[in-house]
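Residue numbers (our numbering): 13 to 225.
Quick reminder that beta carbons are idealized off the backbone N, C-alpha and C, glycines included.
Please read these numbers as outputs of a predicted model, since none were measured by experiment.
The structure under discussion appears below in the form of structure tokens.
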């Protein structure tokens with residue numbers, strides 16, 4: 013299909029027929045996939061790679077066929093989004109976060125005849141090499157460290173900066189080009205809070221790029 017993870021037409025038709033058949037039998041249909049059919053994260057961060065190709069068309073077809081709920085991962089965040097087709101049918105997508113990433117969500121789903129109840133829980137602690145750690149503070153520190161390491165790498169040199177981004181899934185060739193822009197910008201805002209960094213970037217006319225992120 014289209015995009016890095018789209019559906020081919022015969023696959024879509026099969027999914028639609030299965031949904032409609034199950035709905036006629038009075039069943040609640042739950043979808044599950046790795047990639048998302050809706051955007052849950054700002055394009056600047058996701059680089060357009062978290063969703064399937066033709067996501068709006070696919071979401072519309074699934075919704076119109078009778079699929080109301082679907083679960084996905086890939087972006088590692090915890091978020092629920094919805095999409096309504098032109099025919100007025102709504103589909104909800106639960107983006108399930110990664111257990112080893114902040115804030116370590118565990119999703120409990122309770123399905124009744126006419127409702128789906130979703131509750132998120134977080135483990136208090138985890139053990140690693142005989143030591144006990146607080147889950148939220150440890151995973152938060154790790155997540156922030158990933159960002160801090162990119163800032164620090166931009167000051168050390170192009171190779172380390174590219175290695176850090178590549179380790180996070182960023183294409184090597186694009187990381188190399190990005191370094192030319194990122195090196196002076198990250199050096200300029202290094203050590204700032206988010207608010208301070210925004211004010212500095214705004215002076216260079218880059219505020220609009222970040223204000224909705």
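Delimiting residues of the alpha helix (DSSP H) encompassing residue i
i: residue 67; result: 67 to 77
i: residue 200; result: 184 to 201
i: residue 155; result: 147 to 168
Spatial neighbours of residue i in its chain, beta-carbon cut-off 6 Å, leaving aside the 5 residues before and after
i: residue 115; result: 134, 148
Beta-carbon proximity check, residue i vs residue j, cutoff 7 Å
i: residue 79; j: residue 40; result: no
i: residue 49; j: residue 67; result: yes
i: residue 96; j: residue 117; result: no
i: residue 82; j: residue 98; result: no
i: residue 107; j: residue 84; result: yes
i: residue 194; j: residue 174; result: no
i: residue 113; j: residue 90; result: no
i: residue 94; j: residue 47; result: no
i: residue 87; j: residue 62; result: yes
i: residue 64; j: residue 15; result: yes
Cβ-based neighbour list, residue i, same chain, cut-off 7 Å, excluding 5 preceding and 5 following
i: residue 140; result: none
Top-ranked residue by Cα proximity to residue i, from the options
i: residue 28; options: 74, 65, 209; result: 74
i: residue 158; options: 136, 177, 65, 34; result: 177
Enclosing beta strand (DSSP E) for residue i [first to last residue]
i: residue 95; result: 91 to 96
i: residue 27; result: That residue, residue 27, is in no beta strand (DSSP E); its alpha helix (DSSP H) goes 21 to 36.
i: residue 15; result: Note, residue 15: premise wrong, no beta strand (DSSP E); not H, not E.
Next item on the list: Pair every Cβ in the stretch 120 to 135 with every Cβ in the stretch 162 to 173, then say whether three or more of these pairs are closer than 8 Å.
Entry: no
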